[in-house]
Each structure stands twice: as C-alpha cells, then as structure tokens.
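Shown next, in structure tokens, is the structure this report addresses.
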C-alpha cells in the first residue's frame, strides 16, 4: 500500500508565475518559502491492546498524570517523587537543554530582522610633514538580508520544532525519573520484606534445630538430625547479608535519584514498610494515545519536522541573497564640528550575492538534508513500533505477574501448613528429620518467592506507566525556566548581573 507523503513537493511562493523582476519584488514583499511543507507522517498503530479483555486493565480512560499517587496511595512515595522532581540533577540538566533550545529559537527569530544594526565611532590624530590632522566619525549602520526564499523563516520553523523536541526530551527524563524512584522504592520495600521473611524462617529453623538437638541429647536420634538442622539454619542466615547489601545499594540508588550523595536513609524509610499494593483496575488508554503521550515518540516526530525545514534552508542557498541597508552619521575634522550640517553623511545600498559556481556543492547539501530527513522518518516509524512493543510487553508482564502471584500464594500457604505438620509428626516420632528439613527448606523458598512476586507485580505496574509515557503532563503550561529549581534560577540571574556589570 502506498504511503501518504509527509512533505509537499512544491514551493510556497506567492509570485511563482511572475517574470523574474516581478517575482523578486513580490517575493521580497509577500515572501517565498522554498522547500517542503512538513506534515506529520502516517504511522501504523493498532486499534486496541492485545489483552483488552482482561478485567485488570481499562481502555476507557487515559493514563492518570499522577499515576503514582492514584495507583499506590503511598504518602512516602509521593514525597520522594516530589523531591526528585525538584532535585534530580539529570532532570535539571534536561531543563537547561530545553532552555538552550528556547534561546536558539529566539536567535532564529532575530535573524528575520536587520542582521546588522551597528553604532560606530572613531577618533584619530595624525601628524604628517609637520601638519597635524584630526578625524572624527560617528555613525549608525544597518544591513538587512531580505528573506526572499524563506531561509530565515525555515530556520525559525526548524528551531521551533527543535524546541518542541527538547521539551519532549525533558518529559522523557521526567517520566523516567518518576518511574525509577517508584521502582527503587518498591524494590526497597520488597527487599525489606524478604529480610523479614528470612528472619522469620531463621526463627522456625532454630526451633527445629533445638528440637533435633534435644532428641540427640536424649539419645532418641543420631547426631545426623542435628547436623542437618544446623546446615539449613546457617545457610538461611547466610542469605541475610546478601539481602542487606542489596537493600543498601537500592537506598544509595534512591539517594542519587533525589540529588543527594549516598547516605543512610533509615530515618526516612524505616527498617520495614509494606510493599505498595496495586489497584484492582488500571486505566491505560488506547494505543493511539502513545503518539502524543510517549515523550520519545513526540521527540522523534519533532526532530523530523525540524529536519524538513532544513531542506528549505539548503534549497534557499541555490538562489541569490538580496540585501538592503544604509548608514547615517557625521564626519568632521574637529570634535566640535560633529553633527553640524556640513558634517552629515549618509548612504543607501542594495546588493545581491549568488553562488553560481557552487551549484554542485549546494545541490549535494540539499540531497544530504533530504537523506537525513528520510533517515529520521524511518527512525520515527521505528520509535512508534518500539513504543507499542514496550507497552504490550509491560502490560503482559503485569497481568501474568498477577497470575503468578496467586499461584505462589497458594504454594506458600501449603508450605506453611506442611512445616507445622512435619514438626508435630517429628516430635511424636512419626517421620524422620529429612521430612522436616525438606518442608523447612521448601517453605523458606516459597515465602521468599511469594514476597518477591508481590514486589514484582508493583514493579511491573510501574513499567506499564513508563511504557505508556504517563506523568509528564503535570508540567504543562510551565516555561522552561520555571521548571528549574529556585536556586538554579537565582544563580543564573546573579551571573547575568555580573556580566552586565562587567560590560558597564
């Protein structure tokens, strides 16, 4: 099937059919836009999600911008996210890149006006053959390259689209930062819960070890039972340091996300906390929402638009550049005669430049810009496909982790019952100690798997929101500078004042 064109092939010139002289004059007055006019390209998007029939997801509502508050209802997580949005250094860097793009757009807009507006002045005193000459000049020069072919307007288009892309880049960092904070927090709570489970299993195994040792001392069983109990006990105890290492590393990662050096977060997080519980139903919107919601998709599309304008800039180099300008001033042999009637000077000029003998290089540049456009077009289509794949993968992982959690819960309940039964039967001499060891070992594994599965459900839900690109909407309506922390804005203002003072 043929694809709809993403750019129109013709030039947008008001005086396209006029003779050359009339064409030049009309173009200067009404404007001519060489190069393609960009239109968002069509991309393949599915009509609905593959698992749309599952009751745990809903396509009727869009993703909540404050999904971490609605999904988990954890006040501490909300507080951590708020701190990260203010203090995360990667996010600050993205805001400053966005501010740079804003200034690039302002520069491009300024290029549409007279490019040279210059106040000049000079004073000289020369002695030649015993005669002293003085010369004083003051003037104002202006030069304006007319935007005959839309080169400057295309540059504004390109810079504007690049600013949009940088805003989308900031949104991507924001979405990623919120997701990383939420995932790290959930993993911290999961690891704390796994430590609690390990300590509970150690207590159970110590009871079994004491029973086995008492039976050995009573001569009812051999020392083999005591040795087996001791082996299991210390193997379980050995899992605690490993979990403690993981817990501290997660806390260090969280501190970095909050813009802080690694330090002890026990006061903020405590030694134990509940793993956040996911809601019964999650609103995920429709696949088509990814085009406007996923920051990387928006950034890729805006980069494509910026490059389309660069084709017009390159094409404008094939045509002559026309400039007008002039100067007004005063020239006198003594300072006191400046600005007197006879000292007045002025001139007006019109000029053009046409790189007639560089057409090969200029045409190659047009082809180069067009090839870059085609590459970005394919990159954009790939980004859209990847976004759909990420979302579908995250959704299936979340739904299947729920099924896995239900199975682990039943297995853990059965293993807990088996521990009580085996201990009672061993105490009464009905089973050997191998049965007790097997049930204790199985229960330790099942309880740990159940705890890890509870955390995995919450982590997978965060991954769903990350894949959908939710969360950046909370900054809508804010200027790039407003997204910077107050301290950073104050530092920039102080530097600006210092530069102005230096110039004065």
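Numbering (the working numbering), first residue to last: 4 to 507. Beta carbons are placed, not taken as given, at the ideal position from N, Cα and C, and that holds for glycine. Nothing here was measured: the structure is a model prediction, and the numbers come from that model.
Look up residue i in the DSSP assignment and say whether it is helix, strand or coil.
| i | result |
| --- | --- |
| residue 291 | helix |
| residue 122 | strand |
| residue 229 | helix |
| residue 64 | coil |
| residue 177 | helix |
| residue 475 | helix |
| residue 137 | strand |
| residue 278 | coil |
| residue 48 | coil |
| residue 429 | helix |
| residue 334 | strand |
| residue 261 | coil |
| residue 224 | coil |
Using a 10 Å radius around the Cβ and a threshold of 16 neighbouring Cβ atoms, would you call residue i buried or exposed?
| i | result |
| --- | --- |
| residue 205 | buried |
| residue 234 | exposed |
| residue 162 | buried |
| residue 5 | Residue placement at residue 5 is poorly supported in this model, since its pLDDT is 39, which falls under 50; the coordinates still yield a value, given next. Exposed. |
| residue 343 | exposed |
| residue 153 | buried |
| residue 229 | buried |
| residue 338 | exposed |
| residue 290 | buried |
| residue 187 | buried |
| residue 406 | exposed |
| residue 492 | exposed |
| residue 45 | exposed |
| residue 180 | buried |
| residue 197 | buried |
Whole angstroms is fine: what's the gap from residue i's alpha carbon to residue j's?
| i | j | result |
| --- | --- | --- |
| residue 61 | residue 489 | 39 Å |
| residue 325 | residue 175 | 43 Å |
| residue 389 | residue 207 | 48 Å |
| residue 223 | residue 441 | 20 Å |
| residue 445 | residue 52 | 38 Å |
| residue 386 | residue 261 | 29 Å |
| residue 412 | residue 280 | 15 Å |
| residue 403 | residue 410 | 11 Å |
| residue 288 | residue 160 | 32 Å |
| residue 465 | residue 120 | 55 Å |
| residue 266 | residue 239 | 28 Å |
| residue 322 | residue 370 | 16 Å |
| residue 417 | residue 443 | 12 Å |
| residue 126 | residue 148 | 30 Å |
| residue 1 | residue 140 | No answer is possible for residue 1: it lies beyond the span of the chain, which begins at 4 and ends at 507. |
| residue 414 | residue 430 | 24 Å |
| residue 257 | residue 77 | 16 Å |
Just to confirm, are residue i and residue j a CB contact at a threshold of 9 Å?
| i | j | result |
| --- | --- | --- |
| residue 304 | residue 237 | no |
| residue 367 | residue 37 | no |
| residue 215 | residue 75 | no |
| residue 380 | residue 307 | yes |
| residue 79 | residue 271 | yes |
| residue 302 | residue 365 | no |
| residue 41 | residue 455 | no |
Inset, instruction - For the region 188-203 and the region 458-469, state whether three or more C-beta atom pairs, one from each stretch, are separated by less than 8 Å. - result: yes
Legend entry - Contact between the region 290-307 and the region 169-178 (3+ Cβ pairs under 8 Å): The region 290-307 vs the region 169-178: in contact.
Inset, instruction - Check whether the region 419-426 touches the region 237-249, counting contact only when three or more Cβ pairs, one atom from each stretch, lie closer than 8 Å. - result: no
Legend entry - At least three beta-carbon pairs within less than 8 Å, the region 393-400 to the region 467-478: The answer is yes - the region 467-478 touches the region 393-400, with three or more Cβ pairs under 8 Å.
Inset, instruction - Kindly confirm or deny that the region 346-353 and the region 327-337 touch, where touching means at least three C-beta pairs closer than 8 Å. - result: yes
Inset, instruction - Could you tell me whether the region 107-117 touches the region 268-284, using the rule of 3 or more Cβ pairs below 8 Å? - result: no
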